[in-house]
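Numbering (our numbering), first residue to last: 1 to 297. Right, one structure below, let's go through it.
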C-alpha cells in the first residue's frame, strides 16, 4: 500500500510540474498576444489597482482637456469680436478729432456723421455676436436673446451678469464669459449712445457736443481696452493650462505603459525558457509514468 501511494504521489508531482509550466507558458503567450503584462486583476492585484487609478486620472484629464478646448474657442471668438470693436472705436476717435476741426463746414460734418452711424451699427452687431450654437456671447446667462436692443436709437442691455466657469484642471476654473456692459458700456455712457450723440453733434454742427463726445469716446475706448486685457489674461491661463495638461497626459501614459506594457524581448526570452522547461517536465513524466516501486527493487 505504501509503495502504491509513493508511486501515485510521484506521478502527481510530475503532473503538477507540467501543469505549472503550462500555466506559466500560457500567461507569457497571452501577454505577448495582448502586449500587456496584466490581463486579469489576479495577475498582480497591486499593479492592477494602480492601473485602474491611472486610467481614472486619464479619464478626468480628458474631460479637462475638452473644457480647455471649449474655453479657448469661446475666448478666441470673444477676442476676435472685441478686437474688431476696438478698431472701430479707434476709427470713431479719429473721426471725432477730424470733426472737431472748426474749418469743416456742415456738409463735411454730415459726411462724417454718416460714417459714425455706420460704425455704431457695426459695433451693435459685434455686441450681439452669436456663437456657432446661436448663443449671444455678451449676454451673460441670457444667451437666448440679443445682449443689446435698439429701440429707436435707445440702446439697452438686456442680458445679465452671469458668468460661465469651466474647470480646466483640478482646482482651476476659468470664466469664459465677457458681459456686454463691461466692454461696450451701458446707458448714456455706453458706446452706442456716445456715437449717437457724436453723430447728432456733427449733423447739428455743434462744437460743444462734438468735444464732449470726444471725451466720452476716450472713456469707451479705455473700457474696451481693459476688457481686452482681462480677456487676454484668461486666454493666457487657458493656454498655460493646456500645456500643463498635455505634459501631465504624457506622464500618465508613460506610467500606464510602465505598469501594463510588456518588454517584448524579455517576454520572448521567458517564453523560450518556459517551453524548454515544459518539454523537460514532459520528458521526465514520460520516463517515470510507468515506474512503480517494483522498478526500483
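Just so you know, even glycine gets a beta-carbon here, dropped at the ideal spot from N, CA and C. Bear in mind the structure is a predicted one, so any value in this text is a computation, not a measurement.
Nearest by alpha-carbon distance to residue i: which of the options is it?
i: residue 144; options: 155, 154, 129; result: 129
i: residue 59; options: 272, 256, 149, 262; result: 256
i: residue 209; options: 100, 76, 53; result: 100
i: residue 26; options: 124, 283, 268, 260; result: 268
i: residue 162; options: 220, 154, 153, 142; result: 142
i: residue 241; options: 71, 16, 46; result: 71
i: residue 90; options: 220, 282, 253, 134; result: 220
i: residue 43; options: 53, 222, 30; result: 30
i: residue 110; options: 196, 202, 150; result: 202
i: residue 211; options: 117, 93, 233; result: 93
i: residue 152; options: 196, 180, 104; result: 196
i: residue 79; options: 155, 234, 121; result: 234
i: residue 247; options: 47, 73, 62, 102; result: 62
i: residue 250; options: 121, 48, 55, 146; result: 55
i: residue 124; options: 73, 200, 86; result: 86
Which class does residue i belong to by DSSP, given the choice of helix, strand or coil?
i: residue 104; result: coil
i: residue 168; result: strand
i: residue 174; result: strand
i: residue 27; result: helix
i: residue 163; result: coil
i: residue 206; result: coil
i: residue 3; result: In this predicted model, residue 3 has a pLDDT of only 46, less than 50, meaning its place in the structure is not dependable; the value taken from the coordinates is given anyway. Residue 3 falls in the helix class under three-state DSSP.
i: residue 180; result: helix
i: residue 293; result: Reliability of the predicted coordinates at residue 293 is poor, the pLDDT of 44 falling under 50, and no value is obtained from them.
i: residue 142; result: coil
i: residue 190; result: coil
i: residue 185; result: coil
i: residue 283; result: helix
i: residue 121; result: helix
i: residue 218; result: helix
Quickly, what does DSSP pair residue i with across the bridge? List them, please.
i: residue 130; result: 136
i: residue 148; result: 157
Rounded to the nearest angstrom, how far is the Cβ of residue i from that of residue j, given a contact under 8 Å?
i: residue 237; j: residue 96; result: Rounded, the Cβ-Cβ distance is 36 Å, inconsistent with contact.
i: residue 88; j: residue 137; result: About 17 Å; that fails the 8 Å criterion.
i: residue 227; j: residue 194; result: With 8 Å as the limit, residue 227 and residue 194 do not qualify as a contact, their Cβ atoms being about 16 Å apart.
i: residue 64; j: residue 168; result: 6 Å
i: residue 157; j: residue 186; result: 5 Å
i: residue 231; j: residue 75; result: 6 Å
Would you decide whether residue i is buried or exposed? Buried here means 16 or more other CB atoms lie within 10 Å of its CB.
i: residue 178; result: buried
i: residue 245; result: buried
i: residue 19; result: exposed
i: residue 260; result: buried
i: residue 294; result: Because the pLDDT at residue 294 is just 45, under 50, the model does not fix this residue reliably, and the point stays unresolved.
i: residue 107; result: exposed
i: residue 2; result: Because the pLDDT of residue 2 is 47, which lies under 50, any placement of that residue in the model is unreliable, and the question is left without a value.
i: residue 222; result: exposed
i: residue 132; result: exposed
i: residue 4; result: Residue placement at residue 4 is flagged as unreliable, the pLDDT there being 49, under the threshold of 50; the coordinate-derived value follows with that caveat. Residue 4 should be labelled exposed.
i: residue 147; result: buried
When the cut-off is 8 Å and only beta carbons count, does residue i lie next to chain C?
i: residue 157; result: This model lacks chain C altogether; it includes just one protein chain.
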